[in-house]
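Novice: Position 29, counted from 1, in the sequence shown is what full-length UniProt numbering calls 29; the numbers after and before it change by one each time, with no gaps.
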Amino acid sequence: MFPNGSFEQGKPHPARVYDSLLGGKDNYPVDQAVAEGIAQRWPEIQRSAQQNRAWMARAVRHMVKEGGVTQFLDIGTGIPTRPNLHEIAQGMVPSARIVYVDNDPVVLRHAEALLTPISPEGRSTYLQADLRDPRAVLASPEVTETLDMTRPVGLVLAAILHFLDEDEDPAGVLRVLVDALPAGSYVALSHACGDADPVRAEEASAFYRQNKVSKPVVLRTQKQIEEFFTGLELLEPGVVPVDRWRPDASVSEGPDDMGFRGGLGLKHGTA
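#1: Is it true that the CB of residue 101 sits closer than 8 Å to the CB of residue 272?
#2: Can you have a look at residue 90 and say buried or exposed, based on whether 16 or more other CB atoms are within 10 angstroms of its CB?
#3: Let me know if residue 172 comes out buried or exposed under the rule of 16 or more other beta-carbons within 10 Å of its beta-carbon.
#4: Quick one: what does DSSP say residue 207 is sitting in, helix, strand or coil?
#5: If residue 71 and residue 153 are in contact, beta carbons under 8 Å, what's the gap, nearest whole angstrom?
#6: Can you find the residues in the same chain that come closer than 7 Å, C-beta to C-beta, to residue 194, ignoring five residues on each side of it along the sequence?
#7: What first and last residue would you give for the alpha helix (DSSP H) that runs through residue 19?
#8: Taking buried to mean at least 16 other C-beta atoms within 10 Å of its own C-beta, is residue 1 buried or exposed?
#9: Classify residue 102 as helix, strand or coil using the three-state DSSP reduction.
#10: How about residue 48 and residue 35: are their beta carbons less than 8 Å apart?
#11: Nearest-angstrom Cα distance between residue 56 and residue 151?
#12: Who are the Cβ neighbours of residue 125 in its own chain at under 6 Å, not counting the five residues just before and after it?
#13: May I ask you to report which of helix, strand or coil DSSP gives residue 79?
#14: On the DSSP letters alone, give me the boundaries of the alpha helix (DSSP H) that residue 48 sits inside.
#15: Does residue 263 come out as helix, strand or coil in the three-state DSSP assignment?
#16: For residue 219, decide whether its Cβ has a neighbour in chain C, counting only Cβ atoms nearer than 8 Å.
#17: Note down the Cα distance separating residue 17 from residue 207, rounded to an integer number of angstroms.
#18: Would you kindly report the start and end of the unbroken beta strand (DSSP E) that includes residue 144?
#19: Where does residue 259 land, buried or exposed, given buried means 16+ other C-beta within 10 angstroms?
#20: Is residue 240 helix, strand or coil when you go by DSSP?
#21: Quick one: which unbroken alpha helix (DSSP H) runs of 4-plus residues sit fully inside the segment 111-157? Chain order, please.
#22: Residues in its own chain within less than 7 Å of residue 209 by CB, not counting five upstream and five downstream?
#23: Please classify residue 233 as buried or exposed, where buried requires at least 16 other C-beta atoms within 10 Å of its C-beta.
#24: From the DSSP output, which residues share a beta bridge with residue 233?
#25: Looking at the secondary structure, which residues open and close the alpha helix (DSSP H) in which residue 173 lies?
#26: According to DSSP, what are the bridge partners of residue 190?
#27: Of the residues 231, 83, 181, 199, which one's Cα is nearest the Cα of residue 58?
#28: Under the rule that 16 or more other beta-carbon atoms within 10 Å means buried, what is residue 77, buried or exposed?
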């Protein structure tokens, strides 16, 4: 979910800026200029974006392998970047089902073209809806007809809650979603965090605002991000820089100022 999306090629678009940070090709020079400006002010942000994507993949693999999860709700999916969630899940369990949610028509246009099931047994569905109205997301036919809400679900919120300011009650939004999940479900959540270098992080955030890419990104502290997991079992190693969350052999540990921190929570009974 990227607020205030635009189809204009002459105006930076938040999803395309993020795609540029990931090294993707679905962006334009104006988006690349903003991505480069952010990286100049916060050099680790590009690696952070790439490692955030890798973190999501590891979290999904854990949910499938260790939790037996075969259905996922991915809110704020962004422009498709391989490996996509359904490719990971259906590569492990061909019948896995995924609902991708984003409020941005630019993102959904890409999703409909690229996020197709990799197996005939699997299903990938797309919903244009807003995270800020979680009840509408949960009540949509795309969710109710694709996911069995009596069985564990993997809720993925990768680098999205920082687009909600406190007036929009991100904790309350998350609570509505978590309350709808059955026991055995997981919440994979990552968030922008500037704790290690607040000055550089704020400079990058201010540059983002000045270029009117979207509403401001809200940098939250480690403690604030941990509080999003209230009522869940926060699995080891807790909320950490995304490259340090259960890294595989291909991940080299980065510096402390990694821009995103992530964690995985497990719901036991009533959260």
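Glycine included, C-beta positions come from ideal geometry on N, C-alpha and C. Owing to the predicted nature of the structure, the values given are computational and were not obtained by experimental measurement.
Specialist: Here's the rundown:
#1: Here the chain comprises residues numbered 1 to 271, so residue 272 is not present and cannot be evaluated.
#2: Classification of residue 90: buried, given that the 10 Å Cβ count is 16 or more.
#3: Around the beta carbon of residue 172, a 10 Å sphere encloses fewer than 16 other beta carbons of the protein chains shown; the residue is thus reported as exposed.
#4: The answer is helix: DSSP assigns residue 207 an H, G or I state.
#5: Residue 71 to residue 153, Cβ: 5 Å. Contact.
#6: Taken in chain order, the residues that qualify are 201, 202, 219.
#7: That run of the alpha helix (DSSP H) goes 14-21.
#8: Any reading at residue 1 needs caution, since the residue's pLDDT is 46, under 50, leaving its predicted position unreliable; the model's value is listed next. With 16 or more other Cβ atoms from the protein chains shown falling within 10 Å of its own Cβ, residue 1 counts as buried.
#9: Strand, per DSSP.
#10: Taking C-beta atoms as the reference points, residue 48 and residue 35 fail to come closer than 8 Å.
#11: Between the alpha carbons of residue 56 and residue 151 lies a gap of roughly 21 Å.
#12: Apart from sequence neighbours up to five positions away, the residues of its chain that approach residue 125 with a beta-carbon distance below 6 Å are 99, 142, 146, ordered along the chain.
#13: Of the three classes helix, strand and coil, the one that applies to residue 79 here is coil, per DSSP.
#14: In the DSSP assignment, residue 48 falls within the alpha helix (DSSP H) that extends over 45-67.
#15: Strand, per DSSP.
#16: Any reference to chain C falls outside this structure, which holds one protein chain only.
#17: About 13 Å.
#18: Premise fails: residue 144 lies in the alpha helix (DSSP H), 141-144, not in any beta strand (DSSP E).
#19: With 16 or more Cβ atoms within 10 Å of its Cβ, residue 259 is classed as buried.
#20: Assigned with DSSP and collapsed to three states, residue 240 falls in strand.
#21: Qualifying alpha helix (DSSP H) stretches, in chain order: 134-139, 141-144.
#22: The residues 216, in chain order, have a CB closer than 7 Å to that of residue 209 in the same chain once the five nearest residues on each side in sequence are set aside.
#23: Exposed, because fewer than 16 other Cβ atoms sit within 10 Å of the Cβ of residue 233.
#24: Under DSSP, residue 233 takes part in a beta bridge, and its partners are 266.
#25: Taken as a continuous stretch (DSSP letters only), the alpha helix (DSSP H) holding residue 173 covers 170-179.
#26: For residue 190, which the question treats as bridged, DSSP gives the partners 158, 262.
#27: When only C-alpha atoms are compared, the closest one is 83.
#28: It is buried - the Cβ of residue 77 has at least 16 other Cβ atoms within 10 Å.
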